[in-house]
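Counted from 1, the sequence shown has number 528 at position 89 by our numbering; the numbering is strictly sequential.
Data block below; observations after.
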Amino acid sequence: MPASPDLAAYTPTHTLIQISDTHIVREDELLHGKVDSYATLRTVLEQIEAAGTTIDALLLTGDLADSGDLVAYQRLRDLVEPVAARLGAPVLYAVGNHDSRGPFRAGLLGAEPTAEPYDHVHWIDDLRVIVLDTTRPGRHSGALSAAQLRWLADELATPAAAGTVLALHHPPVPSPIPLVNALLLAEPEKLTDVLAGSDVKIVLAGHAHHSSAGAIGAVPVWVAGSSAYRAGTIGPTDRFTGLAGGEYTRVDVYPAGAVATAIPIADTEVIYDRNIEEMAKIVSVHA
């Protein structure tokens, strides 16, 4: 008879929430004239709070303000930070191609509005989260400089006990949308080389407005959908179509790896809702 699974191995050591491509605008505006991106983000945060799950960090992976506007960053901060405080979780921000480094720093971090790349490391107990700035001001595609790659390699030279999560905006893996593939991270093989043999358990990206999974070398890559709206991924191949509906991601880190799970924002009809005891009975019958 097969051995029972080791449930401890299926218990996450850390749980992060990744929210990407929020595209916040000013209070009197709608994104593309149709989407209240502030309201969708508020719904995400309400769902997270209502769930009661212990969250170790909120990770926002770029394109936070649609036009890099200072007021939009302040709206975002005033919405996210109080929720994070109630959750007891830090908020970690990454820069996207729609963002502007100066207003980003001033509006979200309360820092000097410099134009330097925003790369940083945050420790959650023994889990390391590294955030890289892949933006190239004035361009929608991404890149990492030689200096950034050296900095990353130096940081990864010392392993973290619970491993490392690497976050950036531009995906290092292809998209099913041909028009997006001109806007990805340039020369991803250089990042692959740095990550080889490291303790990085997953790379988290955004930018594409659709969720997808891939890998660079032996490291899994998760591309998160946008909280603002989703991209059509089935065609036609010569179009890039924005569709209503957004999502966010739950990232669970385990001793042996990490798992990313897409969560739709829209409320859906409940088909069933069973507690642990009820599920145990069902499992025992069908085991």
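Beta carbons: idealized from backbone N, C-alpha and C, even for Gly.
Fair warning: this is a prediction, and the values are worked out from it, not measured in the lab.
For the ligand ATP, any of its heavy atoms closer than 7 Å to the Cβ of residue i?
i	result
Ala582	This structure simply doesn't include the ligand ATP, nor any ligand for that matter.
Might you give, ordered along the chain, the residues of its own chain that have their beta carbon closer than 6 Å to the beta carbon of residue i, omitting 5 neighbours on each side?
i	result
Ser666	Ile458, Thr461, Thr479, Leu480, Val483, Gly685 and Tyr687
Asn536	Thr574 and His579
Where do the N-terminal and C-terminal ends of the beta strand (DSSP E) with residue i fall, by residue?
i	result
Thr492	Where Thr492 is concerned, there is no enclosing beta strand (DSSP E), given that its DSSP letter is neither H nor E.
Gly696	Gly696 to Pro703
Give the single residue among the options whose Cα lies nearest to the Cα of residue i.
i	options	result
Leu682	His471, Val464 and Val660	His471
Ser506	Tyr532, Arg540, Asp593 and Ser637	Arg540
Tyr449	Gly696, Val522 and Val568	Gly696
Ala596	Asp638, Lys720, Gly577 and Gly535	Asp638
Ala701	Ala524, Ala719 and Arg669	Arg669
Tyr477	Leu455, Gln513, Pro451 and Asp495	Gln513
Gly491	Asp467, Asp538, Ile456 and Pro610	Ile456
Asp517	Ala533, Leu583, Asp495 and Ile463	Ile463
Val698	Val658, Thr676 and Thr680	Val658
Pro617	Ile673, Ala586 and Leu591	Ile673
I need the boundaries of the alpha helix (DSSP H) containing residue i, first residue and last residue.
i	result
Arg514	Leu509 to Leu526
Arg589	Ala585 to Leu595
Gly541	Arg540 to Phe543
If you measure between the beta carbons of residue i and residue j, is that distance less than 8 Å?
i	j	result
Ala652	Val642	no
Arg436	Glu488	This structure cannot speak to residue 436, because the chain is shown only from 440 to 726.
Asp558	Leu547	no
Pro611	Leu630	yes
Ala601	Leu566	yes
Leu623	Ile569	no
Val534	His608	yes
Keeping to the same chain, check which residues put their C-beta closer than 7 Å to that of residue i; ignore five residues upstream and five downstream.
i	result
Leu469	Asp475
Val510	Arg465
Pro451	Asp691, Val692 and Tyr693
Ala550	Arg544
Asn620	Pro613 and Ser614
Which residues in the same chain as residue i place their Cβ atom closer than 8 Å to its Cβ, once the five residues preceding and following it in sequence are excluded?
i	result
Val519	Leu480, Leu484, Leu497, Leu499 and Val530
Asp538	Gly501, Asp502, Leu503, Ala504, Gly507 and Thr574
Could you tell me whether any Cβ in chain B is nearer than 8 Å to the Cβ of residue i?
i	result
Phe679	The structure shown contains no chain B; it is built from a single protein chain.
* To do: May I have a chain-ordered list of the alpha helix (DSSP H) segments no shorter than 4 residues that lie completely inside the segment 604 to 636?
  => Entirely contained in the segment 604 to 636, the alpha helix (DSSP H) runs reaching 4 residues are, in chain order, 627 to 634.
* Only counting runs of 4 or more residues, tell me where the alpha helix (DSSP H) segments fall wholly within the segment 670 to 698, in order along the chain. => With a minimum length of 4 residues, no continuous alpha helix (DSSP H) run stays inside the segment 670 to 698.
* To do: Tell me the start and end of each unbroken beta strand (DSSP E) in the segment 642 to 669 that is at least 3 residues and wholly inside, in chain order.
  => Listed in chain order, the complete beta strand (DSSP E) runs (minimum 3 residues) inside the segment 642 to 669 are 651 to 655 and 658 to 662.
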